Amino acid sequence: MDGKIILEAKGKVAVAPDGNGGIYRALQTKGVIDDLNRRGILYSHCYCVDNCLARVADPVFIGYCASKATDCGVKVVAKTEPSEPVGVVCRRNGKYGVVEYSEISQALSERRDDDGQLTFRAANIVNHFFSTHFLERASEFTDDLEFHVARKKIKYVDLATGEQISPSTNSGIKLECFVFDVFPFANQFSVLEVDRREEFSPLKNAPGTGVDCPETSRRDIMAQHVRFIQQAGGHVKGDAEDLVFELSPWVSYSGEGLSDLVKDKVFVSPCYIEKRQHLTQYSQ
6 MDGKIILEAK GKVAVAPDGN GGIYRALQTK GVIDDLNRRG ILYSHCYCVD NCLARVADPV
66 FIGYCASKAT DCGVKVVAKT EPSEPVGVVC RRNGKYGVVE YSEISQALSE RRDDDGQLTF
126 RAANIVNHFF STHFLERASE FTDDLEFHVA RKKIKYVDLA TGEQISPSTN SGIKLECFVF
186 DVFPFANQFS VLEVDRREEF SPLKNAPGTG VDCPETSRRD IMAQHVRFIQ QAGGHVKGDA
246 EDLVFELSPW VSYSGEGLSD LVKDKVFVSP CYIEKRQHLT QYSQ
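So for the sequence shown, this note's numbering puts the first residue at 6; every next one is plus one.
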């Protein structure tokens, strides 16, 4: 962290990807835009892979954005607390964008409205809509995307021995741009707030930490599937603290189409429903 350029090897400068915002340049140079137009694809959906509750190509979200002729759309949930490690969607200088949690001041993150809610509470869950028309324009502003400072554990060479060192602490700075850095360039921008319990359970931490970890992801997706059954008039029997129950997305996308098959039926944990016919086979 002393301002020197990091070397991967003697005589070779270390390089790294430029962040997920690099996708916009790739769309242009790899022929993706031409392919989208050739196939008549009007819209694209982008989501974060570490959220097990992400609704892929959510028809509600796609329809909402399409109905407003949106360039870019984003789903948000309400922040739980000022220190939650999520970026927030807001307006800066009249343009919509995202301020990352590592870049917002403590004073702003803790500011509250008169009703007690956080002023900057629209948490970005990296669930985005893009029109193909907007993606076509990306070449106009790719070079203007904002870079973010990312402190990372970057391997480097010991110039005295030639040995490559793998540091245990942050050893350097990378400059990255993010997929949402295009938001300020949208002429029409839409925000849809969704229920955190139904659409956001991030996986960020190691097993056993108790927060945003594999255990909480499994808990949240199974709890959602139990709700699908209950809302359709069925029941899931088992230890309330350790229910093991899962529905394949082939059975139901968001709880629809279940009532005729599960009403007044009882399923016993542990249970995995892979096909719709299993709803009658595995129920009591």
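For glycine and all other residues, C-beta sits at the position ideal for the given N, C-alpha and C.
Quick caveat, the model's predicted, so the values are computed rather than measured.
Beta bridge pairing from DSSP links ARG97 with LYS100. One alpha carbon belongs to GLY8, the other to ASP40, and they sit about 42 Å apart.
Contact check for PRO189 against TYR101 passes: the beta carbons are separated by less than 9 Å. In this structure the segment 23-43 lies against the segment 177-189, because at least three pairs of beta carbons, one per stretch, are closer than 8 Å. Annotated three-state conformation of LEU197 is strand, per DSSP. The criterion of a C-beta distance shorter than 9 Å is not satisfied by ALA19 and GLY167. Pairing THR124 with GLY78, the inter-Cα distance amounts to about 21 Å. Taking C-beta atoms as the reference points, GLY92 and VAL82 fail to come closer than 9 Å. Judged by their CB atoms, SER49 and LEU197 are not nearer to each other than the 9 Å cut-off. Within the same chain, no Cβ atom closer than 7 Å to the Cβ of ASP120 is found once the five residues on either side in sequence are excluded. Residue range 48-52 is occupied by the beta strand (DSSP E) that includes SER49. Secondary structure note for PHE66: its alpha helix (DSSP H) is the uninterrupted segment 64-72. Counting along the chain, SER288 sits inside no alpha helix (DSSP H), nor does DSSP assign it H or E at all. Counting along the chain, SER114 sits inside no beta strand (DSSP E); it lies in the alpha helix (DSSP H) bounded by residues 111-115. Beta-bridge annotation (DSSP): LYS80 is paired with LEU197. At the C-beta level, HIS240 and LYS270 come within 9 Å of one another. Bounds of the alpha helix (DSSP H) holding SER222 are 219-236.
Per DSSP, reduced to three states, the secondary structure at GLN33 is helical. Each of PRO207, ARG281, LEU266 and PHE66 was checked against the Cα of ASP225, and the nearest Cα belongs to PRO207. When beta bridges are read from the DSSP output, VAL154 appears opposite LEU180. ALA143 sits in a helix when the DSSP states are folded into three classes.
In the three-state reduction of the DSSP assignment, ASN56 falls in the strand class. Between the beta-carbon of ILE170 and that of CYS53 there is about 31 Å, and that puts the pair past the 8 Å contact cut. Taken through DSSP and simplified to helix, strand or coil, GLU204 comes out as helix.
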